[in-house]
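Each residue of the sequence shown is one higher than the one before, starting from 97 at the first, in the working numbering.
Using N, Cα and C, we set each Cβ at its ideal position, and we do this for glycine too.
Report on one structure; see the data block that follows.
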Amino acid sequence: MRTPRLPGVYTLVALEEVDSTNAEARRLAQKGEAETPDGTLVWAKRQAAGRGRRGRTWESPEGNLYCSLVLRPECPVARAAELGFVAALAVYDTIASLAEPGTNANVKWPNDVLIHDRKVAGILLETESGVGDVPEWLILGIGVNVLHFPEGTPYPATSLKAEGMADVDVVAVLETFSRHFVSWATRWLEDGFEPIRAAWVWRVKGIGQPIEVRLESEALKGIFKELDAQGALILDQNGKTRRVTAGDVFFPAPAKGNA
Ligand code: BT5
97 MRTPRLPGVY
107 TLVALEEVDS
117 TNAEARRLAQ
127 KGEAETPDGT
137 LVWAKRQAAG
147 RGRRGRTWES
157 PEGNLYCSLV
167 LRPECPVARA
177 AELGFVAALA
187 VYDTIASLAE
197 PGTNANVKWP
207 NDVLIHDRKV
217 AGILLETESG
227 VGDVPEWLIL
237 GIGVNVLHFP
247 EGTPYPATSL
257 KAEGMADVDV
267 VAVLETFSRH
277 FVSWATRWLE
287 DGFEPIRAAW
297 VWRVKGIGQP
307 IEVRLESEAL
317 KGIFKELDAQ
327 GALILDQNGK
337 TRRVTAGDVF
347 FPAPAKGNA
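And the structure:
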């Protein structure tokens, strides 16, 4: 596999295998800024213990993209979640650049990317806990299914290969993503969350439509009204508004009509 060519803002740490690139990025970040600067990008060909949100597993065989960015932005921890949307836009644009015209891609709240309604990428954002208002580091983990995807997941999965992008390899995805991330992150730094929010809403699946949001212990039904200025999902439940900050979105199957 050739060495990825990345914009100069990144410092690449390329590994054959690791437990989780997020875990490795965290270990490196803890060594401090001099050793692990902003823009350190940990990339592994496979993960032995890839993680999703809420302690879930991320299937990580060789052939897909697994990477984690160490970021040290001067932003309060309350704004960290915004970077998950920045990354989702960069993954979306990566797919848009590499896919055949007509490929139907979307983002899905909070940070997934779908092709033809199947999950092709997931994002895991982690911050240092228990510190002051501005965390020393943030870890942005990105998994993109290039060649492989798991069967039987609660939300159906897919890969770039299964969606017709058979010629695309991991290095091309990493290079394309790294360029789009620089451009969206610059937009975020210069203009704040609003342009990110607007661009994300333009690409999202299910806005204005009925959805179900599964939380830890309950499932909420309602109309997906909007993404608010902090990245929370606003659900309209028969005229009452509910603000959701964490959960999994599902879409009801379309009704089967005779027409
Ligand atoms: C996510 O979690 O979508 C975040 C995934 C982040 C993975 C990257 S890879 C590089 C970095 N290092 C890590 O250790 N992690 C990050 P969540 O929304 O919780 O989705 C997890 C759920 O998706 C699982 O419980 C499965 O149902 C399903 N799943 C597992 N592996 C998958 C895959 N490869 N593709 C699609 N769905 C998957």
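Same chain only: Cβ atoms within 8 Å of residue i, ignoring 5 sequence neighbours per side
i: Q305; result: I319, F320 and F347
i: G135; result: V105, Y106, T107, L165, V166 and L167
i: A328; result: R339, V340 and T341
i: V230; result: E170, C171, P172 and V173
i: F277; result: L165, V182, A183 and A186
i: K336; result: none
Sequence-distant residues of the same chain with beta carbon closer than 7 Å to residue i, five excluded per side
i: V209; result: A184, V187, Y188, I191, A201, V203, V216 and A217
i: P100; result: L108, V267, L270 and E271
i: A355; result: Reliability fails at A355, whose pLDDT of 46 lies under 50, so the model's placement of it is uncertain and no value is given.
i: P157; result: R142 and H244
Counted within 10 angstroms of its Cβ, other Cβ atoms place residue i as buried (16 or more) or exposed
i: S164; result: buried
i: W298; result: exposed
i: E222; result: buried
i: R122; result: buried
i: N334; result: exposed
i: M97; result: exposed
i: V114; result: buried
i: V300; result: buried
i: E178; result: buried
i: G128; result: exposed
i: V240; result: buried
i: E120; result: buried
i: S313; result: exposed
i: G180; result: buried
i: P197; result: exposed
i: L323; result: buried
i: A176; result: buried
i: Y285; result: Reading off the sequence shown, one finds Leu at residue 285, where the question assumed Tyr. The residue is exposed, with fewer than 16 neighbouring Cβ atoms inside 10 Å.
i: E295; result: It should be noted that the sequence gives Ala, not Glu, for residue 295. Buried: at least 16 other Cβ atoms inside 10 Å.
i: A144; result: exposed
i: A281; result: buried
Unbroken beta strand (DSSP E) run spanning residue i, endpoints
i: D208; result: D208 to I211
i: F320; result: A315 to L323
i: T337; result: K336 to V340
i: L331; result: L329 to Q333
i: R310; result: P306 to R310
i: K204; result: A201 to K204
i: W139; result: T136 to Q143
i: S164; result: L161 to L167
i: L236; result: L234 to V240
i: G218; result: R214 to T223
Boundaries of the alpha helix (DSSP H) in which residue i is found, first to last residue
i: F277; result: V266 to D287
i: P291; result: E290 to R299
i: D189; result: E178 to L194
i: L124; result: T117 to A125
Presumed contact (8 Å Cβ cut-off) between residue i and residue j, rounded CB distance
i: L124; j: L102; result: Wrong, their Cβ atoms sit about 17 Å apart, outside the cutoff.
i: N118; j: R150; result: That pair is no contact at about 14 Å.
i: P169; j: L234; result: 7 Å
i: D174; j: W139; result: It should be noted that the sequence gives Ala, not Asp, for residue 174. Not confirmed; about 29 Å, so no contact.
i: L194; j: I219; result: Actually they are not in contact, since the Cβ atoms of L194 and I219 sit about 18 Å apart, beyond 8 Å.
i: H212; j: T254; result: 7 Å
i: E259; j: T199; result: 6 Å
i: R293; j: A325; result: 7 Å
Spatial neighbours of residue i in its chain, beta-carbon cut-off 6 Å, leaving aside the 5 residues before and after
i: R283; result: P291
i: Y251; result: K215
i: E303; result: Reading the sequence as shown, one finds Ile at residue 303 and not Glu. Excluding sequence neighbours, I303 sits near F320.
i: L256; result: V242 and V264
i: E232; result: E224
i: E112; result: K141
i: T132; result: L124, A125 and V166
i: G228; result: none
i: K317; result: E308
i: S116; result: Q143, A145, G146 and R147
Could you check whether the stretch 330-347 touches the stretch 300-317, counting it as contact only if at least three pairs of C-beta atoms, one from each stretch, sit closer than 8 Å?
yes
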